[in-house]
Structures are given as structure tokens and as C-alpha cells.
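K.L.:
Here's a structure for you.
2 protein chains.
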Amino acid sequence: MIKFSINKTFFLQALNATKRAISSKNAIPILSSLKIEVNSQSLTLTGSNGQISIENTISTEENDAGLLITNSGSILLEANFFINIVSSLPDISLDFEEIEQHQIVLKSGKSEITLKGKDVEQYPRLQDVTTTKPLVLDTKLLKTIISETAFAASTQESRPILTGVHLTLTEHKEFKSVATDSHRMSQRKLTLDSATDNFDVVIPSRSLREFSAVFTDEIKTVEVFFSNSQILFRSENISFYARLLEGNYPDTDRLLVNNFETEAVFNTNALRYAMERAYLISNASQNGTVKLEISNNQITAHVNSPEVGKVNEELDTESLSGNDLTISFNPTYLIESLKALKSETVKIRFVSPIRPFTLTPGDNSENFIQLITPVRTN
Amino acid sequence: MIKFSINKTFFLQALNATKRAISSKNAIPILSSLKIEVNSQSLTLTGSNGQISIENTISTEENDAGLLITNSGSILLEANFFINIVSSLPDISLDFEEIEQHQIVLKSGKSEITLKGKDVEQYPRLQDVTTTKPLVLDTKLLKTIISETAFAASTQESRPILTGVHLTLTEHKEFKSVATDSHRMSQRKLTLDSATDNFDVVIPSRSLREFSAVFTDEIKTVEVFFSNSQILFRSENISFYARLLEGNYPDTDRLLVNNFETEAVFNTNALRYAMERAYLISNASQNGTVKLEISNNQITAHVNSPEVGKVNEELDTESLSGNDLTISFNPTYLIESLKALKSETVKIRFVSPIRPFTLTPGDNSENFIQLITPVRTN
């Protein structure tokens, strides 16, 4: 039966990271549990919601953890409840001891708390992913790519495949991340330094956002592995499994065109704030669109919500060239696109009032392109 | 028709303070409006939810406000919407101009936003309070007294009078604030420096908490006035009206007794954290109580929730004297009492397992006493 002592703060950090995979309202009740497994060298915390699973391993060799293992074993504990109890303990360290009938006793300072657990046999087995030939990525770069694309995925289950982000590796070096909800698209490309096996997978955008929350910037690199049904992101202490989406992702390359009629470069934040003002008024009516008018070398934004009021605003540009044009679109899409852009300026290229327009970083610093489909108005 | 310009940040501060009185889900729809009244010297913002009303006046003589009035008038605007629009404006200042048909135009930078308003005649009249012979209080002290007592008021409407805080002035100098929900009571007394008219009023605890949020610590003193149905708190710029509760407040003095059998002094925070641990376990069961056992010059806390687990904890005391005793109570009441205490230590006096126990600051620094009724167990 388990017996160990550990530093409370270190234990809580690992518990809170693992908790990100655990939902208290899961269709499978046992998944509200946290699994604790202890062997002679380490302690592993496991949480899962069926879509993502997190394993967090603390080694006895980790100095800050103060982990002293007296006895091995494994047990299930109600995750939220257990974590609240641990965070309330009075001392900087705690003793964890399993007693009869899947009960545990936590001792810290003068406090002694007994909790009921469950037999670890009740917990489902997580599918294994073979860990050979990893794709090694810089964690920060991978998280940037996720923040640049995952937001554009659909949040509606009518076409489940669009709730995912399409990650591919072609020619062993050409990495691409794409998401679209059929109204807008975001695509980021990257050429890897070293060649590895090609892949073509679709990962729920929500799982990727959880990955970004769990893998802090202190984790320099992440190893990525694939099985037929899962992707595994692994660091020294954390294994993060996400289930893949099944089905064929639509061909997004055909959406990208090279011709355009009008090109404007804006300060990213100034355009975003102008669109946020437009959104406040447009959102109050059913129409919900903003109209951009380009004429006489000047761009103005217009919103008219008969019930509420209207906006007219002249937009500053860094440069503007090409034909005059009037185009209407949902300002939310442009706001979210601009938030995803890290560059100071943004280049927007228009083809026609009924064709999608493209956004790229004004400094062309990244292989990053976004598309937004306009709304037809009369 | 209104026309003025103003500093955006200063205007927003006043708008957000006034908004605290405005609910978007009011039974009287017009109360979701903000009233703006402009005369030659100042601009007044008014918000009300029927229970509390706030008037915020900005003078042209206020340097930071940058208020320049061209034309007087008054108008109603949808409060939340208007405040969101103002906070989105691009420039540090804004021009506000009323045009035909109760519409206004906001100009800031290159942005021009037109909003629909309403005729000010639709707004209900706030009851007047005669402002002679004010009771002048230190704002910080009044807010401290509110935080020490208002939490103990009832949140249930079964006895409406108990949702209030009983404020009285007797013998022209003896100020007292009391609240009870019939399970616990909190009372704070204060002798005023100068004599004023006696009063006896009951104010909804929620209104007093809003007062504390609106009157920042920068406002040194507050003038207090009464009418038959309202209390008015007034500073240089803000008038805060709260409706009084009707009915007789129960006699709470009879609850206070001087005899006791057991007295213990604790470190306030250490006792609070121990009770928070106890609460985590007690709250998981229906029983929901913690048991204190005083024997052999030692105090231990016990919780037993058969479904979940149990707690045993030896409590450190600064001093302990009197008879042995076992008493059970809801730990939430003790946690909230201890949060209201600003002193480093707390003195708790027990009479018997079935009589309320009292809490006072360990250093006797304030005229502050709290009562908590125990729960009878077998």
C-alpha cells in the first residue's frame, strides 16, 4: 500500500496540470478520478476525459519535489476534492499513506485527513502510442502555431472534422497547420530543420488549446508521436495524449489564390480596435456586418444598426493600392484574425466584394496566411 | 441640446461607479438607462435599480476631467451599451453632442458613433432626502464597520428585516451596527466624537456592500442623511441613496450574556485555515458540522463524513482556560466570522454545548462582538 511524503507546492503544481484533463461532469463517472501510481523511483498522476489524457511523473531525483517513497501501489481519488484538500494542508510538506479498504490518510502539521478512494482496476486503460522516431519541436514555436490556427476551427458539431486542426508533414520537412470553419481559414507553414516521417492528422482544436495550457514555456522542446487514433506530446515529466478526429479534411489549398485587385497595409492593433468599436454596434442588430468602403485612396468603415445607432470611421493605412471596392463582413472574424497576428502591421488583399480576402503579416515574417469570406449585402 | 467634451478616462471612472446602481435585468425596463444631465457648470450621471441610486457629478472646475460644456440638456442612454462604446473610443478625449430625435453623436479621433437615446421624462424621480445636520463619518471606518457586520445578515427573504443591517444612534453619540440571520450575529459599537440626532434604521446589507464598492478610500469623509424611507451617503461628487427596510428589528441585546465557562484565544488565521480544511470535508456530507472537543487543556477539531472521509486536527491556542466542553457548529459561520476580524488573535468564549458562543478580537481593540449558535448533535 502506497506511502510517500512530498513537498506540497510541487505536488499541487503537478496535480493542477493533470486536472486539466479531468472533467467532473464526464459521461463516464470514474473519469472524475485522479489515478496515483507509485513505484520505487517515481509517482505518476493520470487524468483523462476520454478526449485527452495527461500523465505527470514526479521522480525521487527531482530535488524540489522532496519526494520520499516508502511503499509502492496505486489508487483512484476524486480529483477535484483531493486537490482542494491538498491545497488546504497547513504544512509545506505532507505524508500520504494508504490504509485498509482503499482509504488514504494525509498528514500535514497537526492535521490528519482520511479520504475514501477506489480500486485502480476500475480505471480505463489509456491506449498506447509507440514512442520511436519522435518529431522534436520547440515548445514555444508549436504553441505559437496553435494560437495562430486553432481559433479558426469550427465550434459546431454539424461537420465534426472542421472542429479539428489539420496537421501535415509532407516531403519529410514541410510542416503545415490549417483550420477552417468554412467562413474563415488560417494556415501556418514551417520547414523543419531535420527530416522525419510524413503524417496527416486532424486534432480537435480544444485538445490543442489544452496542450498549450499544460506545456509551460519552461519546457523547451516537445517530442511528438502518432498512432492510428492518437497523438502524444511528451516532455521529460508530462505525456499528453489527444484522440485524433476521423475522416478526410477538406482540401484547403484550392482556396488560396494569388491574384488580387486591392491591397492595404494597416497597423494591426489600430485596425483591431476600430473593428471592436464596429462590433459593439453591429452585434446589437441581426445583420451584424461591417462595410468597408475603399475609394479616393481612403478606407472607411460603416455600421448601421437601425435600432441602436451607427458608426462611421476613417481607417488609417500604412499603404493602399489598387481598385476601389466595397465589401461587407462579420467583424468578429477580422478581430479574431488580428488577435492571432503577432506582427505590428497586417497586409490585407481583396479580390472582389464576393471573394474571400487574405490577411498576412505586414512584414512577411512568417509563412502565415488567413482567409475571411465576405457577406453578400444589397 | 447637450454638447460637451471630456477626458475619456475620467468620464469612464464616473460611468463605472454610477453603473453599480444599474441592473440590465430590472423589472422596470427604463432603469437599465443612465441619465445624463448637463448644466452650465457640471455634468451629472444618475443610475438606479429602485433599491439604490447613485448620482455622480463632474464639475467643469475638476482639472483632470477636462470637461468643456457648450450646451445644457438631459438624455437617457442604455447604460451598459453606452459605457462599452465610450471605453472603445480611440482618443484620450471625446465630444458628446445631442442631435435631433434624442440621438447623440460621439466623436473621438477619426471615429464617429451615433446612438439612440430616450426622453429624460421617462425616468422615475428619485425621492429627495433633506440635507441638513449631517452625520459625518470617516469613510474607511464606516466601510470597516460594514465589513464587520453586513456579512452576518440573512440572504433569505423569509424574514426580510433580517436581510438588513440595523444602524442606531442613541444618546446622540453611541453608534451601533448589528446584523443577524438568527444563526449568528455580529455587532460593532462606536462612540462618536461629536453629538448628533439619534436614528434607528435598517438598511439592506447588499446596499451597504455597494456603498463600500462605490466610495473608494480616497474619499476621506462621508456625510450621512436620513429621510423616512431612505438613507443618503454623500461625498463631494457622489450621492448614494439606499432605500430603508420597513419593520421592527428584533432586540439583539438580549442575546448577549456575560457569563462563560470556557475561554480560548487562537491565532485568527490559523484557526480560519483549520476550519477551511474542516469545511471541505463537512460540506461533502448532509450533516455539515465540525465538532470541537476541549479536554486535558487541548482543543481538537473533528469532522466525520461517512461517504467521503474524516478530519482530526489538534488546534494551537494562545491560551485556554475553564471547563472541558464538546460543541458542534457549521464551520462556514466560524470562517466568515474570522474573515471579518482584523485582529491577529481571536478570543472565543463558550457557555455550554447548546448556547451561542462569542468571538471578540483577542486584543480587545474594538467594540466588536460576534455570536454563533451551535448545532445540537447526539
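Protein chains in written order, with full-length UniProt numbering: chain R, 1 to 378; chain V, 1 to 378. Think of the CB as a built atom: it goes at the ideal place given N, C-alpha and C, for glycine as much as any other residue. Being a predicted model, the structure only gives us computed values, none of them experimental.
DSSP beta-bridge partners for ALA301 (chain R)?
P.N.:
Beta-bridge pairing links ALA301 (chain R) to R:LEU292, R:GLU313.
K.L.:
Tell me which residues share the same chain as GLN230 (chain V) and place their Cβ nearer than 7 Å to its Cβ, disregarding the 5 neighbours each side in the sequence.
P.N.:
So the qualifying residues of the chain are GLN127, VAL129, TYR241, ALA242, ARG243, LEU244.
K.L.:
Sort V:VAL120, V:ASN56, V:SER186, V:ALA153 by Cα distance to ILE75 (chain V) and report the nearest one.
P.N.:
That would be V:VAL120, whose Cα lies nearest to the Cα of ILE75 (chain V).
K.L.:
Figure out for me which residue from R:PHE82, R:LYS176, R:ASP363, R:ASP316 has the closest Cα to the Cα of ASP253 (chain R).
P.N.:
It is R:LYS176 whose Cα lies nearest to the Cα of ASP253 (chain R).
K.L.:
Tell me which same chain residues have a C-beta within less than 6 Å of the C-beta of GLU336 (chain V), skipping the five on either side of it?
P.N.:
Correct list, in chain order: PHE151.
K.L.:
Measuring CB to CB, does PRO361 (chain R) end up less than 8 Å from PHE368 (chain R)?
P.N.:
Going by C-beta atoms, PRO361 (chain R) is nearer than 8 Å to PHE368 (chain R).
K.L.:
Using C-beta distances below 7 Å, list every residue in its chain close to SER42 (chain V), excluding the 5 sequence neighbours before and after it, in chain order.
P.N.:
Once the five neighbours on either side are set aside, the close Cβ partners of SER42 (chain V) are THR57, ILE58, SER59, THR60.
K.L.:
Excluding five sequence neighbours on each side, which residues of the same chain lie with their C-beta closer than 8 Å to the C-beta of LYS118 (chain V)?
P.N.:
Once the five neighbours on either side are set aside, the close Cβ partners of LYS118 (chain V) are ILE30, SER33, ILE75, LEU76, LEU77, HIS102.
K.L.:
Where do the N-terminal and C-terminal ends of the alpha helix (DSSP H) with LEU255 (chain R) fall, by residue?
P.N.:
Element bounds for LEU255 (chain R): n/a, residue is neither H nor E.
K.L.:
Thinking C-alpha only, which one of R:PHE10, R:THR149, R:LYS25, R:ASN296 is nearest TYR333 (chain R)?
P.N.:
When only C-alpha atoms are compared, the closest one is R:THR149.
K.L.:
ARG184 (chain R) and LEU371 (chain R): beta carbons closer than 8 Å?
P.N.:
Going by C-beta atoms, ARG184 (chain R) is nearer than 8 Å to LEU371 (chain R).
K.L.:
Between GLU223 (chain R) and GLU314 (chain V), what straight-line distance do the alpha-carbon atoms span, to the nearest angstrom?
P.N.:
Computed Cα separation, rounded: 48 Å.
K.L.:
Could you name the residues of the same chain whose beta carbon sits closer than 6 Å to that of LEU154 (chain R), not counting the 5 residues immediately before and after it, in chain order?
P.N.:
The residue asked about is misnamed: residue 154 (chain R) is Ser in this sequence, not Leu. Contacts found: LEU162, THR163, ASP181.
K.L.:
Could you tell me how far apart the beta carbons of PHE10 (chain V) and ASP64 (chain V) are, in whole angstroms, since I believe they sit closer than 8 Å?
P.N.:
5 Å between Cβ atoms; contact.
K.L.:
From the DSSP output, which residues share a beta bridge with GLU55 (chain R)?
P.N.:
Per DSSP, R:THR46, R:SER239.
K.L.:
Determine whether the Cβ of GLY288 (chain V) lies closer than 8 Å to any Cβ atom of chain R.
P.N.:
Not closer than 8 Å to any Cβ of chain R, the Cβ of GLY288 (chain V) fails to qualify, so no.
K.L.:
According to DSSP, is SER207 (chain V) part of a helix, a strand, or is it coil?
P.N.:
In this structure, SER207 (chain V) counts as helix in the three-state DSSP scheme.
K.L.:
Answer yes or no: does any C-beta atom of chain V fall closer than 8 Å to that of VAL308 (chain R)?
P.N.:
Judged by the 8 Å Cβ criterion, VAL308 (chain R) is in contact with chain V.
K.L.:
Who does GLY164 (chain R) pair with in a DSSP beta bridge?
P.N.:
Note: GLY164 (chain R) sits in a beta bridge opposite R:PRO204.
K.L.:
How far does the alpha helix (DSSP H) with ARG277 (chain V) in it extend, from its first residue to its last?
P.N.:
Start and end: 268-282.
K.L.:
Where does the unbroken beta strand (DSSP E) through VAL38 (chain R) begin, and where does it stop?
P.N.:
Per DSSP, VAL38 (chain R) belongs to the beta strand (DSSP E) from 33-38.
K.L.:
Per DSSP, what are the beta-bridge partners of ILE327 (chain R) in this structure?
P.N.:
ILE327 (chain R) pairs with R:LEU292.
K.L.:
What would DSSP say about PRO29 (chain V), mapped onto helix, strand or coil?
P.N.:
Note: PRO29 (chain V) maps to helix in three-state DSSP.
K.L.:
Quick one: is VAL311 (chain V) near chain R, going by C-beta distance under 8 Å?
P.N.:
Yes, because at least one Cβ of chain R sits closer than 8 Å to the Cβ of VAL311 (chain V).
K.L.:
Who are the near neighbours of ILE2 (chain V) in its chain, counting only those whose CB is closer than 8 Å to its CB and skipping five residues on each side?
P.N.:
Here the set comprises ILE36, VAL38, ASN71, SER72, GLY73, SER74, ILE75, PHE96, GLU97, GLU98, ILE104.
K.L.:
Which residues share a DSSP beta bridge with ILE99 (chain R)?
P.N.:
The partner list for ILE99 (chain R) (beta bridge, DSSP) reads R:GLN103.
K.L.:
Applying a beta-carbon distance threshold of less than 7 Å, which residues of chain R neighbour PRO90 (chain V)?
P.N.:
Those are TYR273, listed as they occur along chain R.
K.L.:
Check this for me: beta carbons of LYS220 (chain R) and LEU192 (chain R), under 8 Å apart or not?
P.N.:
No, the Cβ-Cβ distance between LYS220 (chain R) and LEU192 (chain R) is not below 8 Å.
K.L.:
Counting along the chain, where does the alpha helix (DSSP H) carrying ALA179 (chain R) start and finish?
P.N.:
Taken as a continuous stretch (DSSP letters only), ALA179 (chain R) belongs to no alpha helix (DSSP H), being part of the beta strand (DSSP E) at 174-180.
K.L.:
Return yes when the Cβ of ASN49 (chain V) is within less than 8 Å of the Cβ of ALA17 (chain V), no when it is not.
P.N.:
No.
K.L.:
DSSP three-state call for GLN41 (chain R): helix, strand or coil?
P.N.:
GLN41 (chain R): coil per DSSP, three-state reduction.
K.L.:
List the residues of chain B that ASN84 (chain R) touches, going by C-beta distances under 9 Å, in chain order.
P.N.:
The chain labelled as chain B is not found among the protein chains of the depicted structure, namely R and V.
K.L.:
Using a Cβ-Cβ cut-off of less than 8 Å, give me the residues of the stretch 147-176 of chain R that come near chain V, in sequence order.
P.N.:
If the cut-off is 8 Å between Cβ atoms, the stretch 147-176 of chain R has nothing near chain V.
K.L.:
Would you mind giving the Cβ-Cβ distance between VAL346 (chain R) and LEU255 (chain R), rounded to the nearest angstrom? I have them listed as a contact below 8 Å.
P.N.:
Contact doesn't hold; Cβ gap of about 19 Å is too wide.
K.L.:
Given the structure, does PRO134 (chain R) come close to the ligand SAH, in the sense that its CB is under 7 Å from one of the ligand's heavy atoms?
P.N.:
No copy of the ligand SAH occurs in the structure displayed, which carries no ligand at all.
K.L.:
Return no unless some Cβ of chain V is closer than 8 Å to the Cβ of GLU100 (chain R).
P.N.:
No, its Cβ sits nowhere closer than 8 Å to a Cβ of chain V.
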